[in-house]
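Everything on this sheet refers to the single structure shown next.
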Ligand code: AMP
Ligand code: MG
């Protein structure tokens, strides 16, 4: 087993930065940047713009609590989460869940339909096999994959909107909301910041980013940089694009920090449900959308669909843009027709 821990050094740097909280006051509004929190299995940093420092700190704390609560309910790994309760009991009986978890599962089913099955929150049994194979260093057999695939399919999820219940049609099914819950948490955290009195803010949950309202007075716009996905390249880690995303979300699905190696081959954490194998063609997919839930689900789905089908999906959707990067055999970038307006000149 060989799990690459490229992330560790990166996190260490961010955690050092986390010790520094800075704020600045100009033109009657104050911008406060939070420390880096570890939430939902990733790094989270929040910037709040408000009339005074106290309000900005309060908004940051409300956003942090909202993300932590979302994690407590929707985590695949926490045995006491509501999602784990579904995964252990929903084959026996309909499980009653919170409105927010019900909303995320319902949206996952909608995105499953919209993406022709590429986004599938029931992919967990297949994902488990690939995670296992990363531990023992051998790829799953065709038979194992076929058996796991039989336990997947969003059409086997029985939901009741009036009762807020979820039930599995067959035993062995499991839900994994890793491709959408972070985006949802960011959206809820933006709502929490607004309610707490922030005039503006930016939430970055491991590359799932949403900005709203007034940027810090030292900036004209909210901008977000995209790093070169090929960190081994000469200009690795260099910023390759800067996006202006006032009142928008941008999320990136990429295999540059999150991957495992099986038999010498780099394996993505995103599974193509049609073949039950890790998605290969794209190493980075950034999606810009009005909300982070949609951007998150779509960036995962486009990674599965690949360049041609993924771009066709993005072009068919109003108000959604994307930048796709293939890394092999050579780096190639593809941009949707309307993305130019978000690129800082
Ligand atoms: P993201 O980083 O948002 O692209 O999400 C990746 C995560 O989504 C993985 O770690 C899995 O938890 C989950 N996932 C993997 N494949 C799929 C898929 N085809 N549809 C939905 N979620 C997936
Ligand atoms: Mg996603």
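In the working numbering, the protein residues as written are 346 to 690.
By construction, the Cβ of each residue, glycine as well, lies at the ideal position given by its N, Cα and C atoms.
Any non-hydrogen atom of the ligand AMP closer than 7 Å to residue i Cβ
i	result
residue 636	no
residue 672	no
residue 431	no
residue 466	yes
residue 443	no
residue 594	no
residue 521	yes
residue 493	no
residue 463	yes
residue 411	no
residue 649	yes
residue 472	yes
residue 618	yes
residue 615	yes
Where residue i falls: helix, strand or coil (DSSP)
i	result
residue 445	helix
residue 542	coil
residue 381	coil
residue 675	coil
residue 641	helix
residue 532	helix
residue 599	strand
residue 413	helix
residue 690	coil
residue 405	helix
residue 463	coil
residue 710	Outside the displayed span of the chain (346 to 690) sits residue 710, for which this structure offers no information.
residue 661	helix
residue 366	The predicted model places residue 366 with a pLDDT of 37, which falls under 50 and marks its position as unreliable; any figure quoted below should be read in that light. Reduced to three states, the DSSP call for residue 366 is coil.
residue 426	coil
residue 684	helix
residue 458	helix
residue 453	helix
residue 435	coil
residue 521	coil
residue 386	coil
residue 654	helix
Residue i vs residue j beta-carbon contact at 8 Å
i	j	result
residue 549	residue 390	yes
residue 461	residue 641	no
residue 538	residue 404	yes
residue 596	residue 644	yes
residue 392	residue 571	no
residue 615	residue 649	yes
residue 524	residue 447	no
residue 522	residue 383	no
residue 664	residue 635	yes
residue 627	residue 688	no
residue 504	residue 451	yes
residue 415	residue 526	yes
residue 590	residue 633	yes
residue 427	residue 442	yes
residue 667	residue 682	no
residue 573	residue 558	no
residue 516	residue 436	yes
residue 400	residue 498	no
residue 439	residue 511	yes
residue 495	residue 408	no
residue 474	residue 485	yes
residue 467	residue 518	yes
residue 342	residue 514	Lying before the first or after the last residue shown, residue 342 is absent from the chain, which here runs from 346 to 690.
residue 657	residue 456	no
residue 379	residue 396	no
residue 621	residue 444	no
residue 532	residue 417	no
Bridge-paired residues (DSSP) for residue i
i	result
residue 558	545
residue 669	630 and 679
residue 586	571
residue 636	DSSP output for residue 636 lists no bridge partner at all.
residue 622	617
residue 553	550 and 596
residue 391	548
residue 418	In DSSP, residue 418 forms no bridge with anything.
residue 328	No answer is possible for residue 328: it lies beyond the span of the chain, which begins at 346 and ends at 690.
Residue i: CB within 7 Å of a non-hydrogen atom of the ligand MG
i	result
residue 639	no
residue 374	no
residue 525	yes
residue 644	yes
residue 598	yes
The ligand SAH heavy atom lying under 7 Å from the CB of residue i
i	result
residue 450	In the structure on display, the ligand SAH does not appear, and the ligands it does have are the ligand AMP and the ligand MG.
Item to complete: Can you check the segment 467-519 for any beta strand (DSSP E) of at least 3 residues that lies completely inside it and give the ranges in chain order?
Response: Here the runs fully enclosed are 502-505 and 510-513.
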